[in-house]
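Report on the structure given below.
Below, the structure written as structure tokens:
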């Protein structure tokens with residue numbers, strides 16, 4: 141275990157000593173909280189004009205996470221850069237010469253980055269929730285309401301897994317450009333399109349981000365037919381993340397550095 | 004026949020400590036053999052030069068030594084173990100492969116610190132190596148702003164970090180200014196003098212001649228020579244006598260009758276292994292007019308090019324074949340440095356028996372060597 145703790149210390153030094161860490165995580169937090177607050181403010185003003193159907197389906201918790209759609213992109217950049225920085229700079233050879241055990245290296249790196257992402261994601265989720273509820277005024281939910289705490293915790297976990305999934309994909313692809321070029325449009329556009337077109341809706345249910353969103357909902361949207369619950373959705377996302385990491389690990393192990 | 008087998012009997016049992024042992028190392032990229040059955044051992048206490056033209060497979064070999072690239076077959080052992088089995092590899096082997104292989108956004112100190120931590124090396128050692136390479140003043144600066152020379156020093160600091168007994172440098176003087184080159188040469192010699200194993204690659208014979216005591220020469224991925232520098236110089240810096248005469252045909256006859264096969268070289272004639280004095284007297288006895296009688300010495304660089312040019316050019320030049328390569332095509336490792344010189348062909352740079360299978364366009368490396376020499 142000594143080897144593992146050495147790698148964790150080393151990876152912590154790596155991650156804290158580059159600027160991209162602060163930038164990406166900072167943007168993820170600020171964008172998510174600020175955009176969520178703005179949308180909550182707009183929703184609060186529009187509440188009076190909403191149809192009764194919309195009012196029943198109104199989910200004050202989930203709407204305070206509305207900024208996550210954009211904020212998660214910064215999380216993706218964080219996850220991708222943590223891994224692909226090694227490749228784009230050539231540092232990977234120096235790193236693997238120092239830690240030739242591929243598994244210890246990769247999972248040590250992912251563990252440190254995931255832990256950091258987890259902390260930032262939880263701060264982001266709770267901050268988004270409280271700021272958002274403040275904006276919603278009388279329509280606000282309380283942390284003590286049924287399902288609300290689970291949704292906020294879920295929001296933190298969701299953002300963390302987005303980052304970790306990105307690390308797995310970046311390990312597979314090595315270079316930052318293809319990794320970002322696939323992940324960003326996928327999570328920002330393609331996944332939403334697939335989920336909103338009736339023909340592909342069912343495929344959309346099983347995509348990592350759509351499945352993961354479920355854990356952040358307190359009130360199910362009208363006409364929701366999704367065949368899994370909040371944690372079921374989270375489990376699907378977790379499975380995607382584990383699969384991405386395992387593929388990344390197997391490739392790292394087989395490939396020449 | 005090679006004398007190597009009997010030599011082996013005299014050799015003391017080998018300790019594997021501080022050694023790099025390479026056995027049948029092969030790397031294939033598609034249908035191209037980048038490294039072809041390399042077998043050699045790098046020993047402590049001396050600088051071993053790893054020489055070969057660009058693209059000969061030096062860097063690939065070094066990457067396989069560090070377990071960065073997976074060999075197609077064969078193996079490398081560091082201190083008797085596979086690199087991946089070393090719990091803290093930086094304490095066994097320090098390597099400078101590519102000085103630019105650092106994250107430019109990270110400070111020199113943090114770059115070294117993360118490497119140190121991964122191998123349980125104390126933080127104080129980071130300050131020490133920064134001091135050794137003279138980067139203390141810029142330790143807090145991001146390495147993206149470093150000059151080539153500073154980057155090289157940072158790479159060397161990383162190699163020295165674990166105070167390893169084995170050090171490996173890939174083309175360390177490339178692109179450095181004279182002062183930097185001088186510094187690196189002295190550093191390598193100093194490390195070897197401390198009893199460490201120093202393995203350094205270069206594509207320049209002249210560079211190796213200044214630093215290395217032992218030479219491993221490869222070409223097209225194959226081992227061409229594994230010999231001490233002194234022996235390499237002795238055997239490869241070909242001394243010959245150049246003779247020119249208006250009666251060239253008669254001179255050739257006389258030389259042949261005297262048992263000195265000569266190689267015609269343009270208008271002149273080149274003779275190996277006979278002194279200029281003897282040849283002059285021979286000519287005088289036969290009353291042949293000479294326009295030139297001059298002892299010649301091929302430079303090491305020429306010897307290297309000749310060696311790596313492959314057997315075609317090699318044999319076309321000297322009528323008397325050189326001592327033949329050992330039958331397996333791979334010369335046996337020479338005795339450890341300091342061992343008494345052994346007679347025979349042991350350790351002789353093995354000239355490949357067959358011409359290179361796929362000679363690149365233009366006749367391949369060194370093909371123009373003879374022509375250039377003649378023209379000059």
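Chains as they are written, first to last, in this note's numbering: chain A, 141 to 397; chain B, 4 to 379.
No residue lacks a Cβ here, since even glycine has one placed at the ideal position from N, Cα and C.
As the structure is a computational prediction, the values presented were derived from the model and not from experiment.
Within 8 Å, strictly: CB atoms of residue i and residue j
i	j	result
residue 255(B)	residue 277(B)	no
residue 258(B)	residue 274(B)	yes
residue 398(A)	residue 108(B)	Residue 398(A) lies beyond the residue range present for chain A, which begins at 141 and ends at 397; the question has no answer from this structure.
residue 42(B)	residue 26(B)	yes
residue 323(A)	residue 216(A)	yes
residue 116(B)	residue 167(B)	no
residue 211(B)	residue 304(B)	no
residue 394(A)	residue 120(B)	no
residue 255(A)	residue 381(A)	no
residue 374(A)	residue 294(A)	yes
residue 281(A)	residue 288(A)	yes
residue 173(B)	residue 62(B)	yes
residue 239(B)	residue 170(B)	no
residue 212(A)	residue 275(A)	no
Nearest to residue i (by Cα), restricted to the options the options
i	options	result
residue 69(B)	77(B), 100(B), 75(B), 47(B)	100(B)
residue 233(B)	185(B), 49(B), 204(B)	49(B)
residue 279(B)	51(B), 298(B), 161(B)	298(B)
residue 335(A)	324(A), 323(A), 348(A)	348(A)
residue 179(A)	299(A), 397(A), 165(A), 209(A)	209(A)
residue 172(A)	359(A), 268(A), 190(A)	268(A)
residue 129(A)	294(A), 252(A), 383(A)	Here chain A comprises residues numbered 141 to 397, so residue 129(A) is not present and cannot be evaluated.
residue 319(A)	359(A), 266(A), 291(A), 219(A)	219(A)
residue 193(B)	216(B), 207(B), 206(B)	216(B)
residue 181(B)	284(B), 151(B), 221(B), 229(B)	151(B)
residue 143(A)	37(B), 90(B), 139(B)	90(B)
residue 370(A)	214(A), 151(A), 290(A)	290(A)
residue 66(B)	175(B), 240(B), 86(B)	86(B)
residue 250(A)	311(A), 357(A), 365(A), 163(A)	311(A)
residue 194(A)	151(A), 385(A), 361(A)	361(A)
residue 222(A)	303(A), 274(A), 196(A), 234(A)	303(A)
residue 159(B)	56(B), 143(B), 188(B)	188(B)
residue 77(B)	123(B), 29(B), 262(B), 56(B)	29(B)
Minimum Cβ-Cβ distance from residue i to chain A less than 8 Å
i	result
residue 130(B)	no
residue 160(B)	no
residue 73(B)	yes
residue 254(B)	no
residue 101(B)	yes
residue 69(B)	yes
residue 265(B)	no
residue 37(B)	no
residue 301(B)	no
residue 98(B)	yes
Residue-chain proximity (residue i, chain B), Cβ-Cβ < 8 Å
i	result
residue 388(A)	no
residue 314(A)	no
residue 336(A)	no
residue 371(A)	no
residue 143(A)	yes
residue 239(A)	yes
residue 319(A)	no
residue 204(A)	no
residue 278(A)	no
residue 150(A)	yes
residue 153(A)	yes
residue 396(A)	yes
Residue i CB to nearest heavy atom of the ligand SAM below 7 Å
i	result
residue 205(B)	For the structure depicted, the ligand SAM is absent and the ligand set is empty, with no information on it obtainable.
Residues within the stretch 104-122 of chain B neighbouring chain A, beta-carbon criterion of under 7 Å: 104, 105, 106, 107, 108, 109, 110, 113, 116, 117, 118, 120, 121, 122
Residues of the stretch 76-94 of chain B with Cβ closer than 7 Å to any Cβ of chain C, in chain order: Reference to chain C is not applicable here, since the protein chains of this structure are A and B.
Whole runs of the beta strand (DSSP E) within the stretch 74-149 of chain B, excluding any shorter than 3 residues: Counting whole runs of 3 or more residues, the stretch 74-149 of chain B contains the beta strand (DSSP E) stretches 76-81, 96-99.
Chain-ordered residues of the stretch 210-235 of chain A with a beta carbon less than 7 Å from chain B: Within the stretch 210-235 of chain A, the qualifying residues are 225, 229, 230, 231, 233, 234.
Complete runs of the alpha helix (DSSP H) confined to the stretch 183-222 of chain B [at least 4 residues]: 208-214
Those runs of the beta strand (DSSP E) which lie wholly inside the stretch 202-249 of chain A and span at least 3 residues: none
Runs of alpha helix (DSSP H) lying entirely within the stretch 236-273 of chain B, each at least 4 residues, in chain order: The stretch 236-273 of chain B contains these whole alpha helix (DSSP H) runs: 251-260.
Chain B contacts from the stretch 156-169 of chain A (Cβ-Cβ distance under 8 Å): For the stretch 156-169 of chain A, which is checked against every Cβ of chain B, the residues closer than 8 Å are 157, 158, 159, 160.
Residues of the stretch 285-314 of chain A with Cβ closer than 7 Å to any Cβ of chain B, in chain order: none
Whole alpha helix (DSSP H) elements within the stretch 279-316 of chain A, 4-residue minimum: At a cut-off of 4 residues, the continuous stretches assigned as alpha helix (DSSP H) that sit fully inside the stretch 279-316 of chain A are 288-313.
Complete alpha helix (DSSP H) runs within the stretch 36-80 of chain B (minimum length 4 residues, chain order): 61-68
Interfacial residues, the stretch 245-262 of chain A to chain B, with Cβ spacing under 7 Å: none
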